[in-house]
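Trainee: So in UniProt numbering, spot 14 of the sequence shown is number 14, and the numbers just go up one at a time. The beta carbon of each residue, even a glycine, is placed where N, CA and C say it ideally should be. In this text the structure is predicted, and so the values were computed from the model without any measurement.
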Amino acid sequence: MSSILKEFSCCCDGQIQLYYIKENYVEETLDGLKKAASKLEAFFGVPTRPVEVMVYLVPTRRWYEQLVVDVLKVNIEVPSRESRIAQMQRKELVLLSPDAYPSHSIYTYEKTEYERLLCHELTHVYHEHFTSNLEMTPRWLEEGLAIYLSNQWRTDVEFRDPVQRAIQTRELPSLEEVENSILLSYIWGWTLVRFLDVTYGQDLIKAIVVQGSDQAVYEATRLEKEVFEARWHAWLKAERAIQS
1 MSSILKEFSC
11 CCDGQIQLYY
21 IKENYVEETL
31 DGLKKAASKL
41 EAFFGVPTRP
51 VEVMVYLVPT
61 RRWYEQLVVD
71 VLKVNIEVPS
81 RESRIAQMQR
91 KELVLLSPDA
101 YPSHSIYTYE
111 KTEYERLLCH
121 ELTHVYHEHF
131 TSNLEMTPRW
141 LEEGLAIYLS
151 NQWRTDVEFR
161 DPVQRAIQTR
171 ELPSLEEVEN
181 SILLSYIWGW
191 TLVRFLDVTY
201 GQDLIKAIVV
211 QGSDQAVYEA
221 TRLEKEVFEA
231 RWHAWLKAER
241 AIQS
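(1) Using the beta-carbon count (16 or more within 10 Å), is glutamine 202 buried or exposed?
(2) If you follow the beta strand (DSSP E) that leucine 141 is in, where does it begin and where does it stop?
(3) Taking the C-alpha atoms as reference points, what is the distance between valine 217 and arginine 231?
(4) Hey, glutamine 89 and valine 78 are a contact pair by Cβ (cut 8 Å); roughly how many whole angstroms apart?
(5) Ignoring anything shorter than 3 residues or poking outside the region 19–47, list the beta strand (DSSP E) runs there in chain order.
(6) Could you name the residues that DSSP lists as bridge partners for leucine 95?
(7) Take leucine 122 as the anchor and find which of Leu172, Glu82 and Phe44 has the nearest alpha-carbon.
(8) Give a yes or no on contact between the region 103–121 and the region 182–193, applying the rule of three or more CB pairs nearer than 8 Å.
(9) From the DSSP secondary-structure annotation, give me the bridge partner or partners of cysteine 12.
(10) What's the C-alpha gap between glycine 212 and glutamate 82?
(11) Quick one: what does DSSP say tyrosine 218 is sitting in, helix, strand or coil?
(12) How about threonine 191 and valine 163: do their beta carbons lie closer than 9 Å?
(13) Name the two residues that bound the continuous alpha helix (DSSP H) containing aspartate 203.
(14) Under a Cβ-count criterion, where at least 16 other Cβ atoms within 10 Å of its own Cβ denotes burial, should glycine 144 be classed as buried or exposed?
(15) Can you tell me whether isoleucine 106 is helix, strand or coil according to DSSP?
(16) Under DSSP, the alpha helix (DSSP H) around proline 50 begins and ends at which residues?
(17) I need the boundaries of the alpha helix (DSSP H) containing glutamate 239, first residue and last residue.
(18) Cysteine 11: which of Leu5, Leu30 and Asp161 sits nearest, CA to CA?
(19) If you compare alpha carbons, which of Ile16, Gln215 and Ser38 is closest to methionine 54?
(20) Exposed or buried, which one is arginine 222 when buried takes at least 16 other CB atoms within 10 Å?
(21) Shortest alpha-carbon distance to leucine 95 belongs to which of Glu28, Glu177 and Leu40?
(22) With distances taken from CA atoms, which of Arg61, Lys111 and Thr112 is nearest glutamine 87?
(23) Looking at alanine 100: is its Cβ nearer than 9 Å to the Cβ of cysteine 119?
Put into structure tokens, the structure is as follows:
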């Protein structure tokens, strides 16, 4: 264990290891992670080997930055933006404790929003566990699945509002634009996942995740890219994407 973590206590529940300094929000975090794990196992299926995750619940932004850089080995800007409260890398997650939100973030704690955040991050862990090739997975699928399964698409204006405006003005992005843009992958990825779910079902999405390639969607649907895009656009124009 890194010497940085010597100040942390640890509690374990099944495949979840939770490290913390202050006990505030430990119970809420553990309960939220367990709830998310149950939901993801219902979607992906119970894995043959446990999906293990290590979570670091930190009390200040200084701790957040230190663990992201020194434990996760993720190169982030320091000082980090106050909008950054979670960083996942492989099977490790650094979380800014909601106890620190008033002084170290732009957010206020709300239980269901916090649970959606935990589900979003844990979706990435399950995605990596089940896919055969994460490196070849399109960003829109990786982020879109996390936003969709966590239900953030239902409530977060940063995901819903741009989609609503584009549907109203009929200014929809092409698949190529979504594939080549980090921002568009976040905004539109969930609509593609929802389109796949509503049109083809969860089993097809799981097959796409397992295959893990940029062509998996078209091979699974047996559609050329242009045809798939046209059907996605038609579905969006019917405003089905934003119906909850």
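Mentor: According to the structure data:
(1) exposed
(2) Leucine 141 -> not in any beta strand (DSSP E); alpha helix (DSSP H) instead, spanning 139–149.
(3) 13 Å
(4) At roughly 16 Å, the Cβ-Cβ gap does not stay under 8 Å, so glutamine 89 and valine 78 are not in contact.
(5) none
(6) Leu57 and Ala86
(7) Phe44
(8) no
(9) Gln17
(10) 33 Å
(11) helix
(12) yes
(13) 202–211
(14) buried
(15) coil
(16) Where proline 50 is concerned, there is no enclosing alpha helix (DSSP H), given that its DSSP letter is neither H nor E.
(17) First-last for glutamate 239: undefined, no H or E at that position.
(18) Leu30
(19) Ile16
(20) exposed
(21) Glu28
(22) Arg61
(23) no
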